[in-house]
Structure formats: C-alpha cells, structure tokens
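There are 2 protein chains.
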Amino acid sequence: MSPMDVPRPALTRDRIVSAAIGLIERRGAEAVSMRAIAAELGVGVMSLYNHVPSKSALLDGVAERILGGVEFEAAPGEHWTDQVRGQCRAFRQIALHYPRSTLVVMTRQLRAPSGLRPVERALATLREAGFAGETAVHVFRAVIAYLTGSLLREVGVTPALAPAPRDPAALEDAVAAGFPHIAALAPVLGRCDHAAEFEFGLELLVRAIEALPRDAAQV
Amino acid sequence: MSPMDVPRPALTRDRIVSAAIGLIERRGAEAVSMRAIAAELGVGVMSLYNHVPSKSALLDGVAERILGGVEFEAAPGEHWTDQVRGQCRAFRQIALHYPRSTLVVMTRQLRAPSGLRPVERALATLREAGFAGETAVHVFRAVIAYLTGSLLREVGVTPALAPAPRDPAALEDAVAAGFPHIAALAPVLGRCDHAAEFEFGLELLVRAIEALPRDAAQV
DNA sequence: GGCTTCGTACGTACGGTGTACGTCCCCCTC
DNA sequence: GAGGGGGACGTACACCGTACGTACGAAGCC
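Chains as they are written, first to last, in this note's numbering: chain A, 6 to 224; chain B, 6 to 224.
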C-alpha cells in the first residue's frame, strides 16, 4: 500500500548517533534525551532500544564517531616536534567542530579502536623522536592533560575569566576587594584569544619536551 | 511542647551545602538530587528552596565552599618557581580531598571572591617574577589548562588508559589491531602513578616558563 | 499458497528528577 | 491577645530513562 511507497529510511544505530550529535550541537548536551532523539527521527522512543542498549552506550557511540573523524596522518619528512604540534591541532579542530559534544567525548573512556588510534600515533611520534618507553608515556600524558584543559576551556565547559570585567564596576570591585593584580590586568584578562592561548601553551610544552634528554635523537 | 525541646539545628544554606558535598563524595555527583539532600537533612524537599534559589545555585555554593578551602599563602622568601609549584600542588590537594566534586567545582564559573583569590595569588607570583602583564596571563592560562586536565584525569572524569591492558588478551588485541607501540608500552600504559605524572608535567611546564624572557628578573 | 518464526516498532507504565504553587503553623511584635 | 511574616511542607506538573507486553511485516519452510 501507500505506506510502503514512502518507506522511511531504516532506523539504524548510525542514524541514531547522527541525530544525537545534531541535537547536542544544536541544543546542548543536557537537552539530549531519548524522547528528543526519537522525535527528531520521527520514531517511537522505545524503538531506539532495538539498536542501542542504553543512553550511555549511545553517548559512547557519539564519542567514538567524533573521535574517529580526526585526521592524524603526518607528513612524511616532518620533524617530530611539528608532528606533535600537528596532532594537538588536529584534536583542537574536532573540538571546535563539535564544541558542545567535547565534554561528552572527553569524559567517555572508550576501548574501541577509534580511541586508541590517536594514542598509537602519538606514541609512535615520541618513540621515533628518541624517547624511551617510560618517558614517552610521561610526555604523552602531560600533553594530553594540557590538551584536555585547553579545549574544555575553549568550548566553554570551564571558565575562561573572559567576559568578567567587561564593565568598570566589576573592576572597581576587584581592586576594592583586595585584588590589585586582577584589577591591573583586567583589560588583558577580559580578552581571551583561544587560538593564541592554545599556541602559547603548546609552544611552551613542545620546547620543554625538546629540552628533555633523549636516548636516541634523530632527524 | 516536646518538639520544641529537641529543636533540629536550623536549616541553613551552609548546612545544605555541606550535605550536598557529603552526598557527592559518598555517592557520586549524579546521585545528588534535591530529594536526596532533603532526606539527608530530615527535611521536606521544598524547604531547601527557602535558602537556595535553585539546584544550580546550590552547586555554585559547593564549588565556592571547596575552592575557599585552599591554602594559598606562600613562604616569604620562596623562589617564584617554588611558589608556582606550591600553588599547583595546593590545587591538587583539594581535588584529591573532594575527588567526586572536582568536576562540579571546575565546570562552574564563579564570580565570587573565593574563585578570584587563587587567581590573584597566581598573578602576583608571576608578575613579581618579572613577567609583563600580557605574558603573565598567557602563562597563567597555560598552567590552568594543564592543572585542569591533570586533575580531571586523576579523579577519574577523563580516561587514564590505566586499567585497560591488565589482561594479556587486550594486549594481543592491540598488536593484532595494528597498534604496535601501544602493545609495546602496555606495561607502562597499564600503570598510572598520578602523583608522579603530575610532578613530571609540572616540572616540564615550570622549566619552560623559567626559560621564557622576562622584563625584570628578580631573586 | 499457507504456516511459522522472528525482528522491529510501538504504547503504556513505573520510579525518578527539578521546581511552581498554595497552605499551615510557629514566633515575634505591638 | 491580635496581627503579621517567614519558614516548613504537600501536592502537582512536566520531564527523564527504560522495563515490559503487544502487534505487525518480512523471511523461511512445508
């Protein structure tokens, strides 16, 4: 009959994940509910559970999908420090592309390959740069920590101190409350060029890593 | 009458905040509900709203209380690099003292003085070390990013890659899936001494900051 | 072709959430 | 004692995740 002539595209885990991502980016992570996703797909709520065991697993799928979209391939002859920079910037790019999903992606610990591929690439770069196993992991974890903090700030999960002292009243309050340095730096604290801050800290880290002793320096 | 002879301690914003912190630490942040807090205090749910305008404001209070408990005073003659280290470690101490509240504290942007005091102390240290305003803020933000990422990992909000390859099967999977470096480093990746990792990255950052040009070096 | 089987979509229902609203009662002031 | 104000409380609403039972359409078998 006619309902068969307009078959909706089959309900699928992939379509559900896509709808969830769209919903998060459009209306925020806390607006995501199974009902909202079902409505978006024009489908009953419980039909989702035929393809996804739980909301938590669905969010795992969101993280996996987003993480899988990063481009991690390095230019062949690139210096290892530039490879590190490139991998960090690749991470930043996806975070900016899916800003409101960033916290979701970062808080899910996934064992799936899409989560391990960036780890593999980073460790490869560091070991080829001449860092022994133990040191490579230390460096890796330090960089990850910086990345996590930077990106969570940039997407607004964590405060940036940015729009605070826009008005002079807050500034007066600051100096009156015994915060002279904050008052003095208010114009600088009021702005936050995320790209510049990211590069500043990244350069700081890369230079520090470069100064570390290596077992077998190459290139 | 007799109900007056056993007067419950007056319901108070402070007591509500304390109950919330206790609940978060005992049963996790997602177990916090107005009903659970009220039950903990032996009180009706809606009575809470006489002292707290909303759950969000209550969580602000939690963040404020915890942040206010940090000890930021520096030893007088201390070198500025040791002051930086000390302030970072102070932050880590509260994070470890309230592990399950850490995400709540970090994701709330508060304008209250208790949130600004650590900022003021950090900026004072950096400016006294001879960093001009702009640079001081850049350095401050880089350190904050590292702190955020480190502590969120340590309290378990963000994955640590730690207990993954406990069993040899996962390791075999890793090498089979084309992750040779992960496989090779599995024993190192399997452990994560958070204190050591924290100090490693902190040292990396402090040395890098020390190498930065300063307008007026002192001490 | 007829029958069975199975996967998927769906409606209903339960226990949870934050909180708006109205009521009641105790205590303080006059 | 009378009046008033503030805090404690119960109820109610809209929403959440999801367990459970049902109904229907396609596929396999005789």
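A virtual CB, placed ideally from N, CA and C, is assigned to each residue, including glycine.
Cβ neighbours of residue i in the same chain (closer than 7 angstroms, five flanking residues each side left out)
{"i": "A:Lys60", "result": "Met39"}
{"i": "B:Glu30", "result": "Tyr103, Arg105 and Ser106"}
{"i": "B:Gly33", "result": "Arg105"}
{"i": "A:Val48", "result": "Leu16"}
{"i": "A:Leu53", "result": "Ile21, Met39, Ile42 and Ala43"}
{"i": "A:Ala117", "result": "Glu69"}
{"i": "A:Met6", "result": "Because the pLDDT at A:Met6 is just 37, under 50, the model does not fix this residue reliably, and the value given afterwards should be weighed accordingly. Contacts found: none."}
Same chain only: Cβ atoms within 8 angstroms of residue i, ignoring 5 sequence neighbours per side
{"i": "A:Leu28", "result": "Ala36, Val37, Ala41, Ile42 and Glu45"}
{"i": "B:Leu210", "result": "Ala147, Val148 and Tyr151"}
{"i": "A:Ile26", "result": "Val67, Arg70, Ile71, Tyr103 and Ser106"}
{"i": "A:Glu83", "result": "Gly91"}
{"i": "B:Gly161", "result": "Pro104"}
{"i": "B:His186", "result": "none"}
Local Cβ density within 10 Å of residue i, reported as buried at 16 or more and exposed below that
{"i": "A:Met51", "result": "exposed"}
{"i": "B:Gln98", "result": "exposed"}
{"i": "B:Arg196", "result": "exposed"}
{"i": "A:Thr163", "result": "buried"}
{"i": "A:Val11", "result": "The predicted model places A:Val11 with a pLDDT of 46, which falls under 50 and marks its position as unreliable; any figure quoted below should be read in that light. Burial call: exposed."}
{"i": "A:Arg126", "result": "buried"}
{"i": "A:Gly206", "result": "buried"}
{"i": "A:Ala24", "result": "buried"}
{"i": "A:Ala216", "result": "exposed"}
{"i": "B:Pro14", "result": "exposed"}
8 angstroms Cβ cutoff met for residue i and residue j
{"i": "B:Val109", "j": "B:Val67", "result": "yes"}
{"i": "B:Ala134", "j": "A:Tyr151", "result": "no"}
{"i": "B:Thr112", "j": "A:Thr153", "result": "no"}
{"i": "B:His199", "j": "B:Glu159", "result": "yes"}
{"i": "A:Asp65", "j": "A:Leu121", "result": "no"}
{"i": "A:Ser155", "j": "A:Phe77", "result": "no"}
{"i": "A:Leu72", "j": "A:Ser119", "result": "yes"}
{"i": "A:His56", "j": "A:Thr86", "result": "no"}
DSSP-derived helix/strand/coil call for residue i
{"i": "A:Pro170", "result": "Summary for A:Pro170: the model assigns pLDDT 48, below 50, so the residue's position carries little reliability; its value from the coordinates is reported in the next sentence. Here A:Pro170 sits in helix by DSSP."}
{"i": "A:Arg196", "result": "coil"}
{"i": "A:Thr153", "result": "helix"}
{"i": "B:Arg18", "result": "helix"}
{"i": "A:Gly91", "result": "helix"}
{"i": "A:His102", "result": "helix"}
{"i": "A:Phe184", "result": "coil"}
{"i": "A:Glu140", "result": "Per the sequence shown, the amino acid found at residue 140 of chain A is Thr instead of Glu. Helix, per DSSP."}
{"i": "B:Asp220", "result": "coil"}
{"i": "A:Ser119", "result": "helix"}
{"i": "A:Leu46", "result": "helix"}
{"i": "A:Thr130", "result": "helix"}
{"i": "A:Ser7", "result": "At A:Ser7 the pLDDT is 37, less than 50, meaning the model places this residue with poor confidence and gives no usable figure here."}
{"i": "A:Leu28", "result": "helix"}
{"i": "A:Phe96", "result": "helix"}
{"i": "A:Glu83", "result": "coil"}
{"i": "A:Gly206", "result": "helix"}
{"i": "B:Gly73", "result": "helix"}
{"i": "B:Gly135", "result": "coil"}
{"i": "A:Val67", "result": "helix"}
{"i": "B:Glu159", "result": "helix"}
Chain-order list of residues whose beta-carbon lies under 6 angstroms from that of residue i (same chain, five-residue window excluded)
{"i": "B:Ile214", "result": "Val144"}
{"i": "A:Arg157", "result": "Arg is not the amino acid found at residue 157 of chain A; the sequence shown has Leu there. Correct list, in chain order: Thr163."}
{"i": "B:Val75", "result": "Ala95 and Ile99"}
{"i": "A:Gln88", "result": "Ala79 and Thr130"}
{"i": "B:Asp220", "result": "Gly135 and Ala137"}
- Per the contact definition of three or more C-beta pairs closer than 8 angstroms, is the region 80-93 of chain B in contact with the region 122-135 of chain B? yes
- Message: Three or more C-beta pairs under 8 angstroms: does that hold for the region 183-196 of chain B against the region 137-156 of chain B?
- Response: no
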